[in-house]
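>
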Amino acid sequence: MPVRRRRSSQLSVGCPLFPRETDVRFHLACVTCDQTYDGLALRYRCDCGGTLDVVHDLDRLRGKLSTATFDSRKLSRERLDKSGVWRFRELILDVEPEHVVTKPEGNTNLYEAPKVASWVGLDALQLKHEGENPTGSFKDRGMTGGVTAAKRLGATRVACASTGNTSASMASYASQAGMEALVFIPDGKIAYGKLSQALAYGARTAQIAGDFDAAMALVQELCAAENIYLLNSVNPFRIEGQKAIGFEILQDLGWEVPDWIVLPGGNLGNNSALSKGLSELYALGFIDKLPRMAVIQAAGANPLAQAYAAGTEALSPVAAKTLATAIQIGNPVSWEKSWRGIRQLDGVVAQVSDQEILDAKAQVDAQGIGAEPASCATVAGIKKLVAEGVIAPDAHVVGILTGHLLKDPDIVVGYHQSTLEGFDSPYANAPTRIGATLADVKAWLEG
Ligand code: F0G
160 MPVRRRRSSQ LSVGCPLFPR ETDVRFHLAC VTCDQTYDGL ALRYRCDCGG
210 TLDVVHDLDR LRGKLSTATF DSRKLSRERL DKSGVWRFRE LILDVEPEHV
260 VTKPEGNTNL YEAPKVASWV GLDALQLKHE GENPTGSFKD RGMTGGVTAA
310 KRLGATRVAC ASTGNTSASM ASYASQAGME ALVFIPDGKI AYGKLSQALA
360 YGARTAQIAG DFDAAMALVQ ELCAAENIYL LNSVNPFRIE GQKAIGFEIL
410 QDLGWEVPDW IVLPGGNLGN NSALSKGLSE LYALGFIDKL PRMAVIQAAG
460 ANPLAQAYAA GTEALSPVAA KTLATAIQIG NPVSWEKSWR GIRQLDGVVA
510 QVSDQEILDA KAQVDAQGIG AEPASCATVA GIKKLVAEGV IAPDAHVVGI
560 LTGHLLKDPD IVVGYHQSTL EGFDSPYANA PTRIGATLAD VKAWLEG
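So the number in this note's numbering is just where the residue sits in the sequence shown, counting from 1, plus 159.
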């Protein structure tokens, strides 16, 4: 198909930070109709309404870049090399180093989780803990990409709708870059660990009278009307940074490809990013096969899982309700990219109940790893897929944990004190009230 490249009418050519077109080694392409735009065009969607991809010139990189390049950077003390995102910069965003806003992020642990493995019915299980990023969630990988693009474009105000983690991350990176951050969160449906971060990092925060999907629609309207830079995962540069989650897993494994990578799905940016990044590694010949991917949704916020079960790619929005508030999303923005990735990685989609998420979380926490509820949909999903025979017990499985345990401590305490209304706590580890003498302690230890 011939490439139709369109110059954006919204291009801020007068901006001193804006590159000449010839300086940019990537362009944007519509996922729906293949229309292309300049690499740093100030737009998030195609004229047809489709979402946009960043397309890198892989032919130019072939022969100049290898996994050895990325491995050698792990030993380097250079600012960009220390980031688990910018170490892979040629495949993220090829911009001048001075524009890169990094903390650095990534470099998260890939844990062996033997107790969780036996609970889910696997011989072994590895968990990549993205809650170990600077603001406690995987969002930092995408945000370093998004805020870097914002800086490159000369943006001074950025905005997002969020179930909590995106806002925490954006608030922190915007502060670092000297930008004003505007955060829109659903009223009363955000974990306090995340709300506290947005407030503490100085974001102007609005709790809207509506759910996440309403906040998402509102912020897109606002950004278009007021020339504010939108930093939700509909922004293609967020996806580019987020891809590094897959690059780093592969690097952790010495570029050996696992059988499965399993992750939760909400707005569907993360799984879109994972599949895009891995497909690029494959196209470059850096890996000799692709892993399979499983996307796990909460049963109460399951538009992708419903469509998958019905054998259709047409997504019907749902009114979302789950105790895993991070993924309480009924109308995900990245669904088209998501299907493409599921096709590329021979993926599956499953759904799990909130009770299954809570019990999986108790296992992940008790392994000494710990993660927030949405993350543990990953483990609940693996258990389900092993039981259904989709994942073989001896498969090499990497599960992604997306957020830190302390993001949502209320759920932890509620579970272990058996006070979560409508839920059981079969793995509760409740605290005991005892007297303040040694005799009391001894009696408690013996009893
Ligand atoms: N896990 C956690 C901890 C999240 O915060 C999110 C999304 C997801 C999984 C789902 O990832 O949206 O890429 O499919 N949180 C967003 C937010 C929506 O606003 O923080 P996704």
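We treat Cβ as the ideally placed atom computed from N, Cα and C, and that holds for glycine.
Determine the extent of the beta strand (DSSP E) in which Gly558 is found, giving its start and end residues.
556 to 560 is the span of the beta strand (DSSP E), which, as asked, contains Gly558.
> For the putative contact between Ile446 and Val416, defined by C-beta atoms under 8 Å, what is the C-beta separation to the nearest angstrom?
So it is a contact: roughly 5 Å between Cβ atoms.
> Examine the ligand F0G and report whether any of its heavy atoms sits within less than 7 Å of the Cβ of Ser434.
No - the ligand F0G has no heavy atom lying nearer than 7 Å to the Cβ of Ser434.
> For the region 424 to 435 and the region 475 to 489, state whether three or more C-beta atom pairs, one from each stretch, are separated by less than 8 Å.
Touching, yes.
> Are the beta-carbon atoms of Tyr203 and Val393 separated by less than 8 Å?
The answer is yes: Cβ separation under 8 Å.
> Judging by CA-CA distance, which residue of Gly413, Ile455, Gln410 is the nearest neighbour of Asn429?
Among Gly413, Ile455, Gln410, the Cα nearest to that of Asn429 belongs to Ile455.
> Using CA coordinates, which residue listed in Asn461, Ser497, Asp206 is at the minimum distance from Thr481?
Checked all of Asn461, Ser497, Asp206; the closest Cα to Thr481 is Asn461.
> Please determine whether the Cβ atom of Gly424 lies at a distance below 7 Å from any heavy atom of the ligand F0G.
Indeed, a heavy atom of the ligand F0G lies less than 7 Å from the Cβ.
> Would Ala458 pass as a contact of Gln510 if the rule is Cβ separation under 8 Å?
Cβ atoms of Ala458 and Gln510: closer than 8 Å.
> Compare the C-alpha of Gly222 against each of Pro568, Gln410, Gly470, Leu443 and name the closest.
Per the Cα distances, Leu443.
> Assuming the contact rule is C-beta atoms closer than 8 Å, Leu252 and Glu399 should be a hit. Round their C-beta distance to whole Å, please.
Going by Cβ atoms, the distance from Leu252 to Glu399 rounds to 5 Å, so yes, they are a contact pair.
> Would you mind listing the beta strand (DSSP E) stretches within the region 349 to 413 that are 3+ residues and don't spill past its ends, in chain order?
Fully enclosed beta strand (DSSP E) runs of 3 or longer: 363 to 367.
> CB-CB under 7 Å to Arg316, same chain, minus the five flanking residues each way: which ones, in chain order?
The residues are Met338, Glu339, Leu341, Ile387, Tyr388.
> Would Thr294 and Ala327 qualify as a contact pair, given that the criterion is a beta-carbon distance under 8 Å?
Yes, they are a contact pair.
> Give the C-beta separation of Ser431 and Ser497 to the nearest angstrom, bearing in mind that I take them to be a contact with Cβ-Cβ under 8 Å.
Indeed they touch by this definition, with Cβ atoms about 5 Å apart.
> Return helix, strand or coil for Arg246, following the three-state DSSP convention.
Helix at Arg246.
> For Ala308, which of Ser512, Gly361, Leu199, Asp240 has the nearest alpha-carbon?
It is Leu199.
> Is Phe229 helix, strand or coil when you go by DSSP?
If DSSP states are grouped into helix, strand and coil, Phe229 belongs with the helices.
> Can you tell me which of Tyr586, Ser493, Ile570, Val538 puts its alpha carbon nearest to the alpha carbon of Asp372?
Taking only the C-alpha atoms, the option nearest Asp372 is Ser493.
> For the alpha helix (DSSP H) that contains Lys543, what are its first and last residues?
Element bounds for Lys543: 532 to 546.
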